[in-house]
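*Asks:* Using UniProt numbering, the first residue of the sequence shown is number 1, and each one after it goes up by one.
Backbone N, C-alpha and C define an ideal beta-carbon position, used for all residues, glycine too.
Take this structure first; my questions come after.
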Amino acid sequence: MSPGDYVKEAYRCILRSDFEEAIQCFEAAIAADPNDPEVRYRCSITYARSGKLEKAVEHAKAAVKLDGAKTDYRLHLQHLQAMLHVQEAKRLLEDDINARNNPYRPITLLKEAVKLDPLYGDAYVWLAIAYSRMNEHLPAIAAMKEVIALHPDDNGLKELMKDLQKSLLKYMQ
């Protein structure tokens, strides 16, 4: 099969929600033509949708390397990198030992995630949580204001904001 045939088959697999088979088809297309940035990009998206962020980043980096002028490729890579930062920060926040050894590491990762993708709401939410755990309530509230501005109709975010404001009041007493 030609690279284009593999890509067509990958899309057929995606329509059937068979992402594993779609990934195999994209990988076959890449093996047939490793210098096609669009196939790398599409493969990266499929890996990301399957929760395989490391492989998604690998292909996104390859797409950017092959065609760095394409904005979609760069933005996709930045979003994936932001997702990895959030994932790592969440792991650190859940691990008490690491949190005690370097309590500001999650904040650093989350601030970098926000810088990489300013529209990634989860990064702001986790940044607010990380700040709150450090009793830095004002930056936590500021992060929540940012995510609420992105998602003004999300009632869950508004409830979290109320909780942070209560924490600030308790802390000030």
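Is there contact here, the stretch 106 to 121 with the stretch 79 to 92, by at least three beta-carbon pairs under 8 Å?
*Replies:* Yes, the stretch 106 to 121 is in contact with the stretch 79 to 92.
*Asks:* What does the alpha-carbon distance come out to for the pair residue 103 and residue 58?
*Replies:* One-based indexing of the sequence shown puts residue 103 at position 103. One-based indexing of the sequence shown puts residue 58 at position 58. Whole-angstrom Cα-Cα distance: 29 Å.
*Asks:* Is the closest heavy atom of the ligand NAP to the C-beta of residue 170 under 7 Å?
*Replies:* The ligand NAP is not among the ligands present in this structure, which contains no ligands whatsoever.
*Asks:* Give the straight-line distance between the Cα atoms of residue 123 and residue 160, rounded to the nearest whole angstrom.
*Replies:* Counting from one through the sequence shown, the residue named residue 123 turns up at place 123. Counting from one through the sequence shown, the residue named residue 160 turns up at place 160. Computed Cα separation, rounded: 14 Å.
*Asks:* Output needed for residue 129: all residues of its chain with C-beta closer than 8 Å, excluding positions within five of it in sequence on either side, in chain order.
*Replies:* Here residue 129 corresponds to residue number 129 of the sequence shown, with the count starting at 1. Taken in chain order, the residues that qualify are 93, 140.
*Asks:* Within this structure, are the beta carbons of residue 29 and residue 7 separated by less than 8 Å?
*Replies:* For the purposes of this step, residue 29 is identified with residue 29 of the sequence shown, where counting begins at 1. For the purposes of this step, residue 7 is identified with residue 7 of the sequence shown, where counting begins at 1. Against a cut-off of 8 Å, the Cβ pair of residue 7 and residue 29 comes out as a contact.
*Asks:* Between the alpha carbons of residue 43 and residue 91, how many angstroms are there, rounded?
*Replies:* In the sequence shown, residue 43 corresponds to position 43, counting from 1. In the sequence shown, residue 91 corresponds to position 91, counting from 1. Going from the Cα of residue 43 to the Cα of residue 91 covers about 26 Å.
*Asks:* Specify the secondary structure class of residue 101 as computed by DSSP and reduced to three states.
*Replies:* One-based indexing of the sequence shown puts residue 101 at position 101. Three-state DSSP puts residue 101 in a helix.
*Asks:* What is the C-beta distance between residue 50 and residue 14, in whole angstroms, given that I count them as a contact (C-beta under 8 Å)?
*Replies:* On the sequence shown, position 50 is the one that residue 50 refers to. On the sequence shown, position 14 is the one that residue 14 refers to. In fact, because the Cβ distance is near 11 Å, the residues do not count as touching under 8 Å.
*Asks:* I need the boundaries of the alpha helix (DSSP H) containing residue 1, first residue and last residue.
*Replies:* Walking along the sequence shown from the start, residue 1 turns up at place 1. Run containing residue 1: none; DSSP gives neither H nor E here.
*Asks:* Could you check where the alpha helix (DSSP H) with residue 81 kicks off and where it finishes?
*Replies:* Your numbering for residue 81 matches position 81 in the sequence shown. Residue 81 -> alpha helix (DSSP H) spans 71 to 94.
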